[in-house]
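Residue numbers (this note's numbering): 3 to 472.
To keep things clear, I will list the structure first and then write my remarks on it.
Now the structure itself:
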């Protein structure tokens, strides 16, 4: 559909996202499901540029509509599936609004300079911090953003003419960046992972989920740093380091940004009885507009209104169309999760678990393993989590708190996007280092993934044994 200009295509997705937001506040899922029309037009308009995998997902979703008619209540199932699919894309679009301000932000460049100026001993923790903070704000876009900075600054000259040193620098910096991003999925209230989990486990006590997730994320920082040091000992020779006058305080701004969106989202949740994800979807554009206005006030020759309009038009015209693959995967996963889960009755799953005699304390490990293995086989984590979320019975029935199950989903998702050969994150890091996604996910990040799996499984298994949060 070449007749749809990029700006119109992007605007259609923003319209679909707005319908979803209205539907959430009015408790009218049918209004949200109506947005699938605009999502379908958007996907069709991007078909020529769509990777083959994305086309496969879209065709699969179309076929699943026919499967839905085999259910007991096909109309209700299709509306539910459409609403879930559009909701996922709406979350992506509204959180993506932050890119409208971040792409033209001086503070982002300053944060990047600070990361690049760190000595080898502190570089891992610095890049992990940058990855996890900006991963919470601009999601996987932080890998492209800071990865490009690493590539530009990490020249052969800056490495003292040693190509091996240059390659090791690039690998260590970008892997730390990726691990920081994947850890953000454990604690960030703005991640798509939390939105999916809240849809799968409505009413779950998310403050506890994010608190436990933050603890696991800090442990990931610790053992990730140790693996980095053991794998790449600090060189004895003094190789020149990128110079910058920036200090740690440069990260105060993104920290305030995250806090502002979180508090707006939490406040709206309490006032209007919506989910945290819906509140965050509302808060992100508000904070973005304030950020854009602040940028304009610091530039004497720039007026606020024109600056805001230019940035938002650029977002609709350039950024949203580039979400074509993500929109296709998220919308398909939301719909597929609802349809497939409708045929996997919770009673059937409960009987299978009872038949297998799986101890309750091993259940989190089982869930994490299923999601990771699915990722290694090329299955997107969102599809696995949404199917599990719809098919599993009330976890409390077999001795597992919904809080623990939700945290297991977050941990599994983070480990999967850092290990799957076809995950966006491993492909981006592979491209920056001229390596395949399989090399990044399995060879470079394999040990980290195994340690992360064991750590999360032990912590959550112990919590189950202690009867926590039941």
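Cβ coordinates follow ideal geometry from the N, Cα and C atoms, glycine included.
From the options, residue whose alpha carbon lies closest to that of residue i
i           : options            : result
residue 293 : 100, 73, 15        : 100
residue 384 : 366, 173, 335, 184 : 335
residue 230 : 268, 171, 218, 296 : 171
residue 109 : 248, 454, 329, 417 : 248
residue 332 : 104, 59, 460, 417  : 59
residue 189 : 307, 168, 127, 261 : 261
residue 44  : 346, 267, 149, 328 : 328
residue 471 : 169, 402, 126, 392 : 402
residue 67  : 344, 434, 454      : 344
residue 10  : 153, 314, 120      : 314
residue 453 : 439, 291, 224, 234 : 224
residue 340 : 8, 267, 78, 300    : 78
residue 424 : 380, 147, 437      : 380
residue 326 : 28, 201, 40, 26    : 40
residue 15  : 177, 57, 87, 75    : 87
residue 176 : 464, 446, 465      : 446
residue 227 : 122, 54, 69        : 122
residue 64  : 38, 53, 52         : 38
residue 271 : 18, 12, 27, 13     : 27
residue 49  : 442, 6, 147, 19    : 6
residue 143 : 437, 288, 428      : 428
residue 426 : 31, 141, 75        : 141
residue 361 : 91, 464, 112       : 464
residue 55  : 382, 153, 308, 387 : 382
residue 254 : 116, 432, 431, 438 : 116
residue 377 : 354, 440, 207, 435 : 440
residue 250 : 91, 118, 273       : 118
Sequence-distant residues of its chain with Cβ nearer than 6 Å to residue i (five each side left out)
i           : result
residue 35  : 81, 84, 85
residue 203 : 404, 408
residue 138 : 186, 190, 192, 260
residue 323 : 8, 11, 12
residue 112 : 248, 252
residue 214 : 409
residue 397 : 404, 407
residue 457 : 221
Beta-carbon proximity list for residue i, same chain, < 7 Å, skipping 5 on both sides
i           : result
residue 467 : 363
residue 462 : 366, 406, 409, 410
residue 93  : 194, 197, 279, 283
residue 459 : 366, 367, 370
residue 295 : 306, 310
residue 174 : 125, 126, 230, 234
residue 449 : 229
residue 33  : 21, 24, 25
residue 319 : 8, 9, 12
residue 416 : 184, 185, 187, 188
residue 51  : 326
residue 288 : 266
Contact set for residue i: own chain, Cβ-Cβ below 8 Å, skip 5 residues either direction
i           : result
residue 349 : 395
residue 257 : 135
residue 62  : 334, 338
residue 269 : 281
residue 286 : 96, 97, 99, 100, 192, 263
residue 106 : 297, 313
residue 317 : 12, 98, 99, 101, 102
Contact with chain D by residue i, beta-carbon distance below 7 Å
i           : result
residue 413 : This model lacks chain D altogether, as it is built from one protein chain only.
Inter-stretch contact at 8 Å, needing at least 3 Cβ pairs: the region 405 to 412 / the region 368 to 377
yes
Quick check for students: name the residue ranges of the alpha helix (DSSP H) that lie wholly in the region 75 to 122, counting only runs of 4 or more.
76 to 98, 100 to 104, 108 to 118
Alpha helix (DSSP H) segments (min. 4 residues) lying fully within the region 261 to 309
278 to 299
Quick one: any contact between the region 154 to 163 and the region 180 to 187, if contact means 3 or more CB pairs under 8 Å?
no
Is it the case that the region 116 to 133 contacts the region 420 to 427, given that we only count it when at least three CB pairs across the two stretches are under 8 Å?
no
Which whole runs of the alpha helix (DSSP H) in the region 374 to 434 are 4 residues long or more, in chain order?
383 to 393, 404 to 419, 426 to 434
Tell me, please, whether the region 210 to 220 touches the region 162 to 170 by the rule of three or more beta-carbon pairs shorter than 8 Å.
no
What are the uninterrupted segments assigned as alpha helix (DSSP H) that are 4 or more residues long and contained completely in the region 119 to 206, given in chain order?
122 to 140, 143 to 155, 165 to 189, 194 to 202
In chain order, each alpha helix (DSSP H) run of at least 4 residues that lies wholly inside the region 313 to 376
326 to 345, 348 to 358
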